[in-house]
Each structure stands twice: as structure tokens, then as C-alpha cells.
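The sequence shown begins at 7 in the numbering used here and counts up by one. Quick reminder that beta carbons are idealized off the backbone N, C-alpha and C, glycines included.
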Amino acid sequence: QHHVHHIRRTQPAYRTLARTHPNAANMSAAAAPSFLRQLGMLKVREVPKFLQEKVTLNNMKASFETGLADYKTKFIDADSPMPIFHFMGGVFVFSYIMNLPTERRHMMHAREAESAAKKAAAKKH
Numbered sequence: 007q008h009h010v011h012h013i014r015r016t017q018p019a020y021r022t023l024a025r026t027h028p029n030a031a032n033m034s035a036a037a038a039p040s041f042l043r044q045l046g047m048l049k050v051r052e053v054p055k056f057l058q059e060k061v062t063l064n065n066m067k068a069s070f071e072t073g074l075a076d077y078k079t080k081f082i083d084a085d086s087p088m089p090i091f092h093f094m095g096g097v098f099v100f101s102y103i104m105n106l107p108t109e110r111r112h113m114m115h116a117r118e119a120e121s122a123a124k125k126a127a128a129k130k131h
């Protein structure tokens with residue numbers, strides 16, 4: 007006989023969080039923005055027109071201001087420690103990106119040195 011083992015599927019973390027978080031309505035809205043839902047329902051040839059209509063300077067400015075107001079309400083007005091962690095994460099990401107060119111140069115130099123050492127070893131034999 008063939009036995010089938012059933013694997014219990016877990017729900018995505020954002021759904022679980024949305025059900026248990028006190029601001030559940032806000033969390034589900036943040037997990038799937040309407041812009042991306044609308045974009046996902048379009049055909050490829052409809053995308054440029056949609057983006058021209060939706061991605062304007064005024065829309066981006068309004069969205070940014072709404073996002074800042076929501077952030078203030080959710081974290082700062084609630085005396086949450088999360089802005090400290092967000093700041094620390096932002097500094098980490100910024101410093102990582104700023105150091106990438108230097109690290110890449112070091113990596114390329116190490117590769118070139120290794121390649122030169124192999125060529126020199128091959129010439130000796």
C-alpha cells in the first residue's frame with residue numbers, strides 16, 4: 007500500500023499577523039496595497055497608460071505624506087520603540103550600500119592576485 011503523508015500548510019506570516027495584531031485592518035491594507043493589486047490585474051499593453059495616470063508627482067507626494075502621517079499615528083503617537091529599530095536598520099542598509107564599491111574593489115583585487123599567483127606557479131613548473 008502507498009501511504010500519503012499530509013503536510014500541514016501554514017498561512018503566510020502577514021495573514022497570521024493581520025489576525026492577531028491589534029491594528030489588523032491596517033496590517034492587511036499594508037500587506038497588499040491597492041496599487042499593486044490593480045497593476046497585477048492589467049494586461050501588459052495596459053501597464054504604460056496605467057503608470058502614466060497613477061505615477062505622477064502629485065500622487066507620489068500625497069502618498070508619501072499619507073505614509074508619514076500613518077507612520078506617526080502607528081508608531082510615534084503610540085510611544086512605540088519601533089522608530090529606533092527602523093532608524094538603526096536604515097543606517098545599516100545605507101552604510102552597507104555605501105561600502106559596496108570598496109568591498110567590490112577589494113574582492114576584484116584579491117581575485118586578480120590569486121589569478122596572478124596561479125599563473126606564476128604554472129610558469130615555474
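In the three-state reduction of the DSSP assignment, S101 falls in the helix class.
In the three-state reduction of the DSSP assignment, T108 falls in the helix class.
Just so you know, the alpha carbons of K78 and D85 end up roughly 10 Å apart. Residue range 63 to 77 is occupied by the alpha helix (DSSP H) that includes A68. Per DSSP, the unbroken alpha helix (DSSP H) holding R43 starts and ends at 40 to 46.
Straight-line spacing of the CA atoms in N105 and L48 works out to 39 Å. With respect to the 8 Å criterion, L45 and F56 are classified as neighbours on the basis of their beta carbons. For S86, the secondary structure class from DSSP, reduced to helix, strand or coil, is coil.
The C-alpha of A128 lies about 12 Å from the C-alpha of E120.
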